[in-house]
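Novice: Handing you this structure, nothing more for now.
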Amino acid sequence: MACLADPASADLRFVAVGNPNTGKTTLVNALSGSCLRIGNWPGTTVERVETCFPVGDRHACLVDLPGAYSLAAGTAEERLTRDELLAARPDAVVDVVDASNLERNLYLTLELAELGYPLVVALNLLDEARARGLDLRLEVLEERLGVPVVATVAVREQGMEGLVAAALQARPATLRLDYPESIENAVARLEPLIQHPSRRWMALAALSGEPIALDEPASRLLETLKVELVSLGVDPFLGIVGTRYQAAREIAASVQATRPGVHRLTETLDRWFLHPWLGIPLFLVGMLLVFRFTFQFSDPWVGWLGQVQEVLGGWIAALPLPGLLASFLADGLVGGIGTVLAFTPVLFFLFLALSFLEASGFLARSAFLVDRLMKAMGLPGRAFIPMILGFGCNVPAISATRTMESFSDRLRVAMAVPFAACSARLAVFTLFTSVFFPQHAAVVVFSLYLLGLLVGMLTALALGRLTPPSQAGSAMELPPYRIPTWKVVWRQASARTWSFVEGVGGAILVSVAAVWVLLNLPPGDISQSFYARLSMGLAWLLGPLEIHDWRLAGALLPGFVAKEVVIGTLGVSYLQADPVAPMGLVEGLHEITSGLAGALWATLQAFPALLGLPGIHLPPPEAPEGLPAALSQSMTRSGALAYLVFVLLYTPCVGTLMALRLEFGRRWAALSAVYQLLVAYALAFLAARLPL
Amino acid sequence: MRCLTELAMNEEALVHSVGGPHLRARRIMSLGLSPGARVRMVRRAPLGDPLEFDVSGCLLMLRSEEAAGIVVEG
Ligand SMILES: Nc1nc2c(ncn2[C@@H]2O[C@H](COP(=O)(O)OP(=O)(O)O)[C@@H](O)[C@H]2O)c(=O)[nH]1
C-alpha cells in the first residue's frame, strides 16, 4: 500500500478517540500500520501517532488522539484531545470503545456525540467481551446513539474495512441527552452567544466549571447563570456529569443482557502477582528478568558495533591520508557515529521491555505493588519503573517518565534518574575498584549504587517540597492482562529508539568531534594538547578532592559525552595511543560478517540463559594493559574513592542531558547539569576525607 | 452510609457520592466510580495500601485517603 508523504495534502481527516487501554494504538496500527508516523505533540511529550492511507481514490489521514476518559481536561492527554477536537472539525471521529466496559466508555461517547461531529463507534475487544460471557446487541447501541457501530478485534485486524467504510459515511449522532430543566434553560440562553460548531457541548462544559475560553458577553452571562443555578439549589457540575453517567449506564444496560464479570485470566494472574506476600518477590524477579533480557540481548550487538567501528578505523588507516585527517575520520567521525550507535541496542531492548510492560498491563500492576513506597517520597506508584530503568540506561528512564500524568511528578523523577548508576558507569567502577580496593571491590561498587539511589531519592523528595503535589490524585485503572501484538511493541520500540537517534545523535557527534579537537590539536604529543592544558586547570579545581593528576581530571571531560569513553581516554593519555593497524578490505569485511554471525548466535543463546539464575558477581574489569599499574601510581585510595563518587554523580552523558531537554526544555536540562556537578563535587569532597 | 474503605473484602455496595477536591473527584468519577455505580472491594496491596476495587468488571486502584472520600450505601 502506498503511504502518503504529506499529510497536509490528504482530503479526509479522521481522528481516533477513546479511553486508555481500549486497544486504540493497536487499532490505528491495524488500519494502516505501515504508514505510521510517531512523533510528539508540539511542545509536549505526549506521543502523536498519525497514519495516512488511500481510501478508494481519496487519501485519508487518521490522527490518534491521546487516551481520554472524558473531555474534561483532567490530564495533559485529555487536554490535548479536547483542544484538538475543538480546534477543527474532522471528517469523522472514530470512537474506540472497550466492548466489555461499556458503562464507563460510553461516557466519552456521549460527550463526543454532543460535539456534533460525524461519529462512528468501533466496538473493540469484542473477542474479550464474548469470552467474558457478554452478549452485546450492536443494533440497540446503534439505534440509541444514532451512529454506526462497527465490531472490531484490533489484534486480529478484524472489522477494519467496515470501520473505514462507516467512517466515510459518518453523520453526527442523533442522540440528545436531556439535562434537568434548570440546566437546559441555562444552556439555551448561553448557546446563542458561543460561535463554535460544538456550542452545546461548550455551553455545558462552561456551566460545569470547565475552563472554556468564552468571549466577554458570554462569560458575563455564564457568571449570572451560575449564580442563578446555585440559588435554585442546583450544582451544575453534578447535574451535568450525573446525567451523562446515568445515561451511559442506562444505555449500557439496554445493550448487554448480562453485566460483565472480571476478566478470568486477570483474576487468576492477579491472585499470584498481587499476592499479599508473593507479589513483591515475584515483581522483583520480573524486574531482574527485564534487565537480563536487555543486557543479554543487547551486549552482542554493542560488541558487534564496536567491531565494525574498529574495522572502519582500520580501513581509514590504510588510506593514503595525512595522519591528522585520518585520525579525525577514524576517531572524530566514525568514533562519534559509533558512540551514538552504541546506545541503540540497549535503548531498543529497554524500550521493547517498556512497551511490553505497558501494553500487557504489568506496568499498572507494578504501580499498585510499590505505591506505598513511592508515596513516602510523595510520588505516585508509576514513578518506580522509570527510576529502576535508570540503572540500565538513564535515557529511556527519562522517556519512561511519560507514563506519569502530572508534570511535577515527571520532573521530579527525571531529576532523580541521572543519579542511578547506569551500566556504562559500572565499567569505570570495576576498573578502579580492582586497582584500589581489590579486597572490597564488590562492597565499594554496591555502596556506590546505594549512594546513587539515595541521592536520587533525596532529590525527588526535596523537589517535592518545592512543588505543589498533583491535584488529580493517584487513582488509576488496572487494565486486564493482554498479550500485546509483537508488531505493535516492536514498532513502538523502534520508533522511540529512532527518535532518540534523531533528537540526540547530532549533539553526541558534535561533542565527540569537540573532544577529538581537544585531544589532537595542536598536533604532537598529547601532553602539549589543548586537552592537557584544559585538564591541568581542571586538576587544580579538583585538587580538594585529592585528584591531582591532569590525566585523571581530564578523562572526566569526554566522560561528559559518554561514560563508555572514560577508560579509553585514560588509556590514551597514560600509555599513548596505539597507532591503528591498517586493515585490508577483505579482511575487514570478513571480520564484520563473522562478528555479525557471532552476535546473532549470542542472541539466540541468550534465550536459554534468560531462565538461568542470575549470578551476582562483578564483571571483570576491562582496560588496556598497563593502565591499572599507571593508575595506581597516580592517585591515593582516598582520591580514587572521590573519583568514583564524582563519576557516579556528575552528568551521566550528553544523551541524558538531551533527553532531559527534549522532555522538559533547555532550562531544566541546564539546571540539572549544574545541580549534578555541585552534588558530585560536594560528595566527592566528603568521600576524599573518609578514613580508609 | 459508609465510606469505601470500610467495605469488607469482596463486599459490594452502591456509590452514593464522591467527595474530596474537585479535580480528584472528577478524575475518580471519570474512571467509573460515579454515583450509582456498583463497586466491590477486591484486595489491599501487599504493603497495606492502595486498595483495589471492581467497578462493573473494571479494576481500579485508589489510595485509602482517596477512597475515604467516597460514600457508599447498601
Ligand atoms: N483480545 C484483544 N486484545 C486487544 C484488542 N485490541 C487491542 N488488544 C490488546 O490490548 C492491549 C492494549 O492495547 P493498546 O493498543 O496498547 O491500547 P491503548 O492504550 O488504547 O492504545 C494490547 O496488549 C493489545 O494487544 C482486541 O480487539 N482483542
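From first to last, the protein sequence lines stand for chains W and A.
Sequential numbering from 1 applies to the first sequence in the numbering used here.
Sequential numbering from 1 applies to the second sequence in the numbering used here.
From the three backbone atoms N, C-alpha and C, an ideal C-beta is built for every residue, glycine too.
1) Let's test the definition: count the other Cβ atoms within 10 Å of the Cβ of W:P211 and tell me whether it reaches 16, buried, or not, exposed.
2) Are the segment 643 to 655 of chain W and the segment 418 to 437 of chain W touching by the rule of at least three beta carbon pairs closer than 8 Å?
3) Within 8 Å of any Cβ in chain A, is that where the Cβ of W:F362 sits?
4) Under the criterion of a Cβ to heavy atom distance below 7 Å, does W:A165 qualify as lining ligand 1?
5) Kindly list the residues whose CB is nearer than 7 Å to the CB of W:G332, restricted to its own chain and excluding five residues on each side of it in sequence; keep chain order.
6) Give the DSSP bridge partners of W:F14, in chain order.
7) Nearest-angstrom Cα distance between W:G171 and W:V489?
8) Using 8 Å as the limit for Cβ to Cβ distance, is W:E114 near chain A?
9) At a CB distance below 9 Å, what residues from the segment 48 to 60 of chain A approach chain W? Give them in sequence order.
10) Just tell me which of W:F664, W:W668, W:A687, W:A670 has its CA closest to the CA of W:N40.
11) With distances taken Cα to Cα, identify the nearest neighbour of W:A88 among W:V15, W:L347, W:L426, W:Y574.
12) Can you tell me whether W:P172 is helix, strand or coil according to DSSP?
13) Can W:L145 and W:A247 be called in contact, C-beta distance under 8 Å?
14) To the nearest angstrom, how far is the alpha carbon of W:F391 from that of W:S632?
15) Alpha carbon to alpha carbon, how far is W:L12 from W:F53?
16) Of all the CB atoms in chain A, is at least one closer than 8 Å to the CB of W:G452?
17) Ignore the nearest five residues each way along the sequence and tell me which others in W:L65's own chain have a CB closer than 8 Å to its CB.
18) Just confirm the distance between the C-beta atoms of A:G57 and W:G261, as a whole number of angstroms; I'd bet it's less than 8 Å.
19) Taking C-alpha atoms, which residue in W:K563, W:S399, W:D525, W:P558 lies nearest to W:A493?
20) Let me confirm a value: W:N520 is counted as buried when at least 16 other C-beta atoms fall within 10 Å, else exposed. Which label applies?
21) Does DSSP put W:L195 in a helix, in a strand, or in coil?
22) Secondary structure at A:N10, three-state DSSP: helix, strand or coil?
23) By the 7 Å beta-carbon criterion, what residues does the segment 21 to 33 of chain A contribute toward chain W?
24) Closer than 9 Å by beta-carbon distance: list the chain A residues that pair up with W:R189, in chain order.
25) Are the C-beta of A:E135 and some C-beta of chain W separated by less than 8 Å?
26) When you compare only the Cα positions, how much space is there between W:P192 and W:E143?
27) Using a threshold of 7 Å, is the CB atom of A:E52 nearer than that to any non-hydrogen atom of ligand 1?
28) Is W:A151 helix, strand or coil by DSSP?
29) Rounded to a whole number of angstroms, what is the C-alpha to C-alpha distance between W:R667 and W:L657?
30) Quick one: list the residues of chain A neighbouring W:Y69, beta-carbon separation under 7 Å, in chain order.
31) Of all the options W:G595, W:D91, W:L284, which has the alpha carbon lying nearest to the alpha carbon of W:C61?
32) So, under 8 Å CB-CB, W:P523 and W:L329 are touching, yes? Tell me the CB distance rounded to an integer number of Å.
33) Whole alpha helix (DSSP H) runs in the segment 458 to 490 of chain W with 4 or more residues, listed along the chain?
34) Is the Cβ-Cβ distance between W:L426 and W:L274 less than 8 Å?
35) Are at least three pairs of beta-carbons, each pair with one atom in the segment 33 to 49 of chain A and one in the segment 443 to 459 of chain W, less than 8 Å apart?
36) Smallest Cα separation from W:A326: which of W:G335, W:I316, W:V334?
Specialist: Taking the geometry as given:
1) Result: exposed.
2) The segment 643 to 655 of chain W, when compared against the segment 418 to 437 of chain W, does touch it at the 8 Å Cβ threshold.
3) For W:F362, no CB of chain A lies under 8 Å from its own CB, so it is not counted at the interface with that chain.
4) Distances from the CB of W:A165 to the heavy atoms of ligand 1 are all 7 Å or more.
5) Around W:G332, the same chain offers V512, A513, W516 as residues with beta carbons nearer than 7 Å, after the five sequence neighbours per side are excluded.
6) W:F14 is bridged to W:L62, W:A92.
7) Checking the sequence, you will find Arg at residue 171 of chain W rather than Gly. Each residue's CA atom was taken as its position, placing W:R171 and W:V489 some 34 Å apart.
8) No, W:E114 does not count as interfacial toward chain A.
9) Per Cβ criterion, the list reads G48, D49, P50, E52, D54, V55, S56, G57, C58, L59, L60.
10) The residue with the shortest Cα to Cα distance from W:N40 is W:F664.
11) Of the listed residues, the one whose Cα sits closest to W:A88 is W:V15.
12) Three-state result, W:P172: strand.
13) No. Outside cutoff.
14) C-alpha separation (whole angstroms): 28 Å.
15) Rounded to the nearest whole angstrom, the CA to CA distance from W:L12 to W:F53 is 10 Å.
16) Taking Cβ atoms only, chain A never reaches closer than 8 Å to W:G452, which makes this a no.
17) Excluding residues within five positions, the ones whose Cβ falls inside 8 Å are V15, A16, V17, L80, T81, E84, L85.
18) About 6 Å separates the beta carbon of A:G57 from that of W:G261, a gap short enough to meet the 8 Å contact definition.
19) Measuring from the Cα of W:A493, the nearest candidate turns out to be W:S399.
20) Classification of W:N520: buried, given that the 10 Å Cβ count is 16 or more.
21) The residue asked about is misnamed: residue 195 of chain W is Gln in this sequence, not Leu. In this structure, DSSP gives W:Q195 a state outside helix and strand, which the three-state scheme calls coil.
22) When DSSP states are grouped into helix, strand and coil, A:N10 belongs to the coil group.
23) Answer set for the segment 21 to 33 of chain A: P21, L23, R24, R26, R27, I28, M29, S30, L31, G32.
24) By Cβ distance, chain A contributes nothing, its closest Cβ being about 25 Å from W:R189, past 9 Å.
25) Past the edges of chain A, shown from 1 to 74, lies residue 135 of chain A, and the structure says nothing about it.
26) Each residue's Cα considered, the two are about 29 Å apart.
27) Because no heavy atom of ligand 1 lies under 7 Å away, the Cβ of A:E52 does not count as near it: no.
28) Secondary structure of W:A151 (DSSP, three-state): strand.
29) Put simply, the backbone Cα of W:R667 is about 11 Å away from that of W:L657.
30) Within chain A, the residues S30, L31 have their CB atoms less than 7 Å from the CB of W:Y69, given in chain order.
31) With respect to the C-alpha of W:C61, the residue from W:G595, W:D91, W:L284 having the closest C-alpha is W:D91.
32) In fact, because the Cβ distance is near 15 Å, the residues do not count as touching under 8 Å.
33) You should have found no qualifying run.
34) The answer is no: Cβ separation not under 8 Å.
35) In the pairwise beta carbon analysis, the segment 33 to 49 of chain A is classified as not touching the segment 443 to 459 of chain W: fewer than three pairs are separated by under 8 Å.
36) Minimum Cα distance to W:A326 is reached at W:I316.
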